[in-house]
Each structure stands twice: as C-alpha cells, then as structure tokens.
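So the structure is just underneath, and the comments pick up after that.
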Amino acid sequence: MSMKSKNVFRLSVSYVILIILAIAAVYPAVWVLFSALRPGSSLFSKSFFPSHPTFTHFKELFTSPSFQFGRWYWNTLKIATMSMILSTLLTTLSMYALSRFRFQGRKTILTTMLVLGMFPGFMSMVAIYILLLQLDLLDTHTALVLVYSSGSVLSGFIVKGFYDTIPRSLDEAARIDGANHLTIFWRIMLPLSRPMLTYIGLTTFTGAWVDFIFARLVLRTKEKWTLAVGMWDMVANFQNSNFTLFAAGAVLIAIPIMILFAFLQKFLVQGLTAGASKG
Amino acid sequence: MQRHRRTASILSFIAMGLGQLYNRQFVKGILLLCVEIMGGYYFVSKLPHAIWGLVTLGDVPTHLVKVGKRYKNVVGDHSVNLLIGGLVILILFSLFIIIYVMNVRDAYRTGKQRDEGIKPSSFRTSMSYVADKRFPQLLLTLPAISVLFLTIMPIMMAILLAFTNYSAPEHIPPAKLVDWVGFQTFIDLLSLKTWSHTFYGVLIWTVIWAVIATVTTYFGGLLVALLIDQKGIRFKGLWRSLFIIPYAIPQLISLLVMRNLFNGQFGPINQYLSYFGLGKVPWLTDPTWAKVTVILVNMWVGIPVSMVLILGVLTAIPKDMYEAAEVDGATPFQKLRVITLPFVFFATTPILITQFAGNINNFNVIFLLTNGEPVNGNYQYAGSTDLLVTWLYKLTLNNNKYNFASAIGIIIFVLVASLSIWGYRSSRSFKEEDMIQ
Chain S
1 MSMKSKNVFR
11 LSVSYVILII
21 LAIAAVYPAV
31 WVLFSALRPG
41 SSLFSKSFFP
51 SHPTFTHFKE
61 LFTSPSFQFG
71 RWYWNTLKIA
81 TMSMILSTLL
91 TTLSMYALSR
101 FRFQGRKTIL
111 TTMLVLGMFP
121 GFMSMVAIYI
131 LLLQLDLLDT
141 HTALVLVYSS
151 GSVLSGFIVK
161 GFYDTIPRSL
171 DEAARIDGAN
181 HLTIFWRIML
191 PLSRPMLTYI
201 GLTTFTGAWV
211 DFIFARLVLR
221 TKEKWTLAVG
231 MWDMVANFQN
241 SNFTLFAAGA
251 VLIAIPIMIL
261 FAFLQKFLVQ
271 GLTAGASKG
Chain Z
1 MQRHRRTASI
11 LSFIAMGLGQ
21 LYNRQFVKGI
31 LLLCVEIMGG
41 YYFVSKLPHA
51 IWGLVTLGDV
61 PTHLVKVGKR
71 YKNVVGDHSV
81 NLLIGGLVIL
91 ILFSLFIIIY
101 VMNVRDAYRT
111 GKQRDEGIKP
121 SSFRTSMSYV
131 ADKRFPQLLL
141 TLPAISVLFL
151 TIMPIMMAIL
161 LAFTNYSAPE
171 HIPPAKLVDW
181 VGFQTFIDLL
191 SLKTWSHTFY
201 GVLIWTVIWA
211 VIATVTTYFG
221 GLLVALLIDQ
231 KGIRFKGLWR
241 SLFIIPYAIP
251 QLISLLVMRN
261 LFNGQFGPIN
271 QYLSYFGLGK
281 VPWLTDPTWA
291 KVTVILVNMW
301 VGIPVSMVLI
311 LGVLTAIPKD
321 MYEAAEVDGA
331 TPFQKLRVIT
341 LPFVFFATTP
351 ILITQFAGNI
361 NNFNVIFLLT
371 NGEPVNGNYQ
381 YAGSTDLLVT
391 WLYKLTLNNN
401 KYNFASAIGI
411 IIFVLVASLS
421 IWGYRSSRSF
431 KEEDMIQ
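Okay, here's the thing in structure tokens:
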C-alpha cells in the first residue's frame, strides 16, 4: 500500500469509529427529547421519531394535581439562587485569604480542608439530620442552603489556584500607593476575579439544582420538594407508568444546566486539571 | 522593671479583661470582661451536664410510669441529643479557652510595652492593627464558623457514633438508651459472620468496580482524544462538542434515563436486540449483567471527562518533538509510543489517582441506575451492585443501623485518604506551590 492510500484507510476507519461513538454519545439525549414529544405515556414505542409530536406532557407537568412541578421548579430556583450567593461569598473570602496571605496555621487549614473532603458526605448525614431536627430546621429550605454553602467552601481549591496566579506585584503596588487590604480586595481583586465568581456561582447553582441525596433527606413534605427529589420519586415509585411525562420533566431540568455548561466549559477543564493538583 | 507585664498577665488570668483594664485599655477590657461573665455563667451551668451526657449517654430512657390507674409517659435521657449537645458545648468551650489564652497573651504583650516605656495602643489603633495585620483571619472567620458547625462537627459526631451501639431495633432513643461499645462495631463488621460476609463481598466489588471504572473511562477517553487529534481529521470542534454532551447532562437525569433505556421489558436497547433476532438481555435484573451495565453506563458518563482532559494535555506537547522524530524517520505509531503516550501518562497520573478515589465513592451511578439491586439474599441489607458508600446510605436511611454505617464511613475514609495523600504528594504543585508567583 502506498503512503497515500494508507492514510485514506486510516482516516476512513477513524471516521467510522467517530460516527459510531457520536451516535452512542448523543442517542440517549435525543431519545428523551423525542419521548417527551410522543403522545401516550408508555416507555415502549414502535418508531424512534414521534409521528405526531405534541407538547401536552409539558403542559400536564404544570397542571396535573398529582405533580407539583411548577412549585418544585420555584423551590429549586430559590434554593439554588440562595446557595449561589452565600457560597460565592464564603468561598471567595476564604480562598482569597488562603491564597494571598502567609500566616500562622495556613498549611494546617489547607490540610484540614483536604482531609475533610475525603470523608464520604453521607457519613455526616445522620449527624446533620439530628442537628437540623434539634434546631427545628428539618423540612426547610434554609437548611439546604446552609449545608450546600458550607460544603462549597471545602471544594474551593480551584478558586485558590486562580488567586495564586494573580501577580503579587499588583497588590504590592497598591499598598505603596496607600490602599488598605479592604480597598485592594474590593477595588482590585474582586473586579479581576469576575470570571472566577461566575464559575463558583454557576457550579454551586447547578449543584443545588440537581442534588437529590441531601434534599431527599431534609425535605419531608411534597410541597417543599425540589425538582430532583420529585423526578427521582417519579421514577422510583411510578416505575415507567408515565414515562413520557418523566421525559418532559427531564428535558426541562436538563436544558438550563446544559446552557450553563456551555458557558462553563472552559472553567470546567481548568477545574479538572486543578482538581488533580490541589495546592 | 518587669512589673507591668507580670501584673497584667496575672490579672488577665484571674478574669478576662482585668489586665487590659490595668493597662488602661478600657474599651477592650470591658468587652473582654463581658465575654468572661457571659461565658463563665454559660459554661458553669452547662459544662458539667454536657460532660456527664457525653460520658454516660444517659441513664434513664423515656418510659411509662403507673400513676394511679393510668400510665404516664416520663421523658428520660435522649442519648443522641446528649451526644450532640455535649459536642456543641465542648466546641464552644474550646473556643472560649482559645480567647482566654489570647487575652492573657495580649495583656502580657501590652504590659511589656509599658515596661519598655511605650504607651499602650488605644482601642482605635488596635482595631486598625487587626484590620491590617490580621486581615486574612478576619476574612476566614465567617467561612470557618460555617465549616466548623456544618461539616467538622457532623463528621466528629459520625466518628463517635461508630463507637456506640446506636442501631435499630435495640438502641434507638428515646425509648432505649445508647451506650459506648468501643471497637465492638468494627469487630462485628469484620468477624461476625452475618456482617463480615456482606462487608467483604461489597468491599471486593467496590475495589473491582473502582479499578474497572477508572481504567475503562481513562483509556476510552484517551482513544477518543487520539482519534480526534489525528492529523487530517476534520471538524475537530464538532466532534469534541458531540462527545462532551453526556458530560453536560446532569447525572440525575442521564442516569434515570439510562435506567429506562436498559429496562429489560420495554427498554429500546432490548427492542433493537430483538429486531436483530438476538434475545433480550436481563440488563438490570441479573447480578452479573447488572454489574456489566453499571460499568457500560459509567463509561458513557466518564469518557467525556477523560477526553476533555487528555485533549488539553495533547495540545501542551511541544510540536518540535514531533518534527525531530519525523526527521529521524519515525512512523506515526512510533511517535505515539515514544512521545505522546509517555507525556500523557506523566501529566495525568495524579488525576488518575483522584478519579480512582472518586470511583470508590461513586454514589450516583450505582444509586440512580440500579439502586444497588438486584437483591442478594446472602447479603445483609445490601444488593449485588451496592458499593460500600451506597450500602452506608441504605444502612442509615432504610435500616437505622447508624453505628455500622459510621464504621463503614470510617473505613471508606481510610481507603480514600491514603490514596489521595499518595496522589497529592506525587503532584508537582504540592512541592512547588509558590513557584507561580
């Protein structure tokens, strides 16, 4: 075989593999989208494409008395927004301090954070449950917001990494000009960290948006549920009896997150690499 | 000559703030004195009961007492509330002690300044000193409090629970008391036949799962990345976006969808298989097939992550290395073997370790896809695909075996922590943290 035909062969094999893999990657998403548009309620269908697409399932989600989808959507939005604000505040404050200042106990704090991150989150669930019970916070959204926000502080290493890369000379110059720490933080660092603030904000928002493990533990009444708990319940308790409705709900939950993801892609890649070298 | 520093520290040791008052720092002194009075009152009234509660975990359970002809409910000691209350008070008390020590040190320092003829700083200058020199500590206060009470304390409590017998049906307050049992829970878990059989079974599957899940997603991602990165492949951006879609869908949704996709009766996958005349596969109902399904689905979820990562590493390889290799007449395969792969492996080893540790705790894939099922009759409260972490969850939420759940949590922690520390130590940024500056 000549060099050229060898190349053509290599490329065509690669294209075939890529196409097969792409179908496998995209198929479930497309399947759910089409199921959401399909009339009827069953999981089974004769054809892949819906022959008479309909939006009734989306309407039913918000009107059916047995699902309180609209309410869950609102709850989730509220919890996610509050967690976003609080955890952005907590994470920025702590990571800025840990990155730019050298003080006694800094290494200890960093090590403690790493170690705490290694405990399986469920381990402390019983304790948090009892604590919330004692504080009369069970079945409240406040409890979720507090727990999500304090949890996000521990995973703030990527934020620290970001502040590590901002040159020291910048604040030294400002110090010489007579600025105090608060001014430097407020006037120089915060504007510079806008991309990072966006990153923390959006990741905690999505985290709260899709978490169901903790939400399920804390939220006891159906009116207080979040989308994730509701959707999980739909599959776990009404196993496939109304699959198309579930698919419609899935589309409504996934689409905002996928849009956010498109914005976040660049950061997520950074996060993955930084996650490996927590420093 | 050393008069002031000694008197000030002794006075501050007797009661917070006295030394500061002696040093004529009145605002600071009065503030500290208030803390002393309130704290002192609080701890004198609470501390003994808290310690008693932590040591005994209660003496009298809630019970019925016959009063005349009626039974009356008498509220007794609630062991778990005693435990958590005691813990909170101990934490508050240690904070109080820290403030106390700082107060004595402050009085000593100011006294020393006075001995040396320096005028003690006013409240205003102290405040600006704190804002300037203690700025990082100031920033950390709020996050530290939230982490202390919402993360550290629950973990401490969970660790303590592993050394009690807090479990259904014998030891659930308020009707029954909980007691300290030392390492008994661990001993039962590792050697009592009913428990150890499940524990070792689940542990072995957890390790097998973590190894296979890590290896398949890593090499799958490597393969896809190399395919896209090849010379001559067009629409690189399009391929990349297509393969990243599984990563963009929230796991909650994609895994619940997969559960339907792999449904043995109505799922489309079995539908297609029967079109081709192949039989239906019991994807989620047969123990072995369920394990295969979990791994397949995890590949679907995890390969995009590795792909993105490795594509990033590939762009970082210096191009002149390839050019030099071409001049020497290397084949594409040789270039791959000698340049690309070593470079990728070197850059991604620490990530591989964290991914392995992450897979040990991969709750989502198992819980949402199979819920640990199919049921395994030989297991204690666990199904065939349960990992340690999902077993822990079930023991907590469904079976109220809190002590066993906590013990398993500690074992998982030891496993993951040793792996992560190893990975962390071998990562370069640990050794060269300040290099970037």
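If you're matching them up, the sequences are chains S and Z in order.
Residue numbering for the first sequence follows full-length UniProt numbering, beginning at 1 and increasing consecutively.
Residue numbering for the second sequence follows full-length UniProt numbering, beginning at 1 and increasing consecutively.
All residues carry an ideal CB built from backbone N, CA and C; glycine is no exception.
This one's a predicted model, so the numbers in the text were calculated from it and none came from an experiment.
query: Nearest candidate by alpha-carbon position, reference G40(S), set V153(S), Y163(S), E60(S); result: E60(S)
query: Beta-carbon contacts of F26(Z) that lie in its chain and below 7 Å, excluding the five residues immediately before and after; result: none
query: V67(Z), DSSP secondary structure in three states; result: strand
query: Contact check, S146(Z) vs M118(S), beta carbons under 9 Å; result: no
query: Chain S residues whose Cβ lies nearer than 7 Å to that of M157(Z); result: A127
query: Opposing strand residues paired with K72(Z) [DSSP bridges]; result: V65(Z)
query: Interfacial residues, the segment 189-210 of chain S to chain Z, with Cβ spacing under 8 Å; result: T206, W209, V210
query: Closest by C-alpha distance to K119(Z), when choosing among H4(Z), I99(Z), P350(Z), S406(Z); result: H4(Z)
query: Neighbour flag for Q437(Z) against chain S, beta carbons, 9 Å; result: The predicted model places Q437(Z) with a pLDDT of 33, which falls under 50 and marks its position as unreliable; any figure quoted below should be read in that light. Chain S contact via Cβ: present.
query: Test: W239(Z) CB closer than 9 Å to a CB of chain C; result: In the structure shown, chain C cannot be found, because the protein chains are S and Z.
query: Terminal residues of the alpha helix (DSSP H) in which D171(S) lies; result: 168-176
query: Straight-line Cα distance separating A15(Z) from G275(S); result: Confidence at G275(S) is low in this model, with a pLDDT of 46, below 50, so its placement is unreliable and the value that follows should be read with caution. Going by the C-alpha atoms only, they are around 47 Å apart.
query: Partner residues on chain Z for G151(S), Cβ-Cβ distance less than 8 Å; result: L150, T151
query: Residues near R259(Z) in its chain [Cβ-Cβ closer than 6 Å; skip 5 each side]; result: L369
query: First and last residue of the uninterrupted alpha helix (DSSP H) at V376(Z); result: A small correction: the amino acid at residue 376(Z) is Asn; Val does not occupy that position in the sequence shown. No alpha helix (DSSP H) holds N376(Z); DSSP gives it neither H nor E.
query: Nearest candidate by alpha-carbon position, reference L139(Z), set Y96(S), A262(S), G161(S), S83(S); result: Y96(S)
query: C-beta atoms of residue 442(Z) and N400(Z) nearer than 9 Å; result: It is not possible to answer for residue 442(Z), since the shown part of chain Z is limited to 1 through 437.
query: Whole-angstrom C-beta distance between K224(S) and D136(S), which should lie under 8 Å; result: Contact flag wrong, Cβ pair sits at about 14 Å.
query: Cβ pair V126(S), T348(Z) closer than 9 Å; result: no
query: DSSP beta-bridge partners of W180(Z); result: T164(Z)
query: Simplified DSSP state of G277(Z), which is helix, strand or coil; result: coil
query: Limits of the alpha helix (DSSP H) - the one that E326(Z) falls within; result: 319-327
query: Per-residue contacts from S14(S) into chain Z (C-beta, under 8 Å); result: L227, Q230, I233
query: Within chain Z, partners of A248(S) - CB distance below 9 Å; result: The premise fails here: A248(S) is roughly 12 Å from chain Z at the closest Cβ pair, so nothing lies under 9 Å.
query: Partners in chain Z for W31(S), counting only beta-carbon separations shorter than 8 Å; result: V257, L261, P268
query: F343(Z) to I317(Z) span [Cα, whole Å]; result: 7 Å
query: Neighbour flag for F101(S) against chain Z, beta carbons, 9 Å; result: yes
query: K6(S) classed as buried or exposed, judged by whether at least 16 other C-beta atoms fall within 10 angstroms; result: exposed
query: Assigned secondary structure, G58(Z) (DSSP; H/G/I helix, E/B strand, else coil); result: coil
query: As assigned by DSSP and simplified to three states, the class of G383(Z); result: strand
query: Rounded C-alpha distance that separates S169(S) from G178(S); result: 14 Å
query: Three-state secondary structure (DSSP) of S79(Z); result: helix
query: N270(Z) - DSSP class collapsed to helix/strand/coil; result: helix
query: Y148(S), buried or exposed, once every other Cβ within 10 Å from all chains shown has been counted against 16; result: buried
query: Option in A50(Z), P268(Z), D59(Z), N376(Z) with minimal Cα separation from F93(Z); result: A50(Z)
query: Closer than 9 Å to chain Z by CB, P120(S); result: yes
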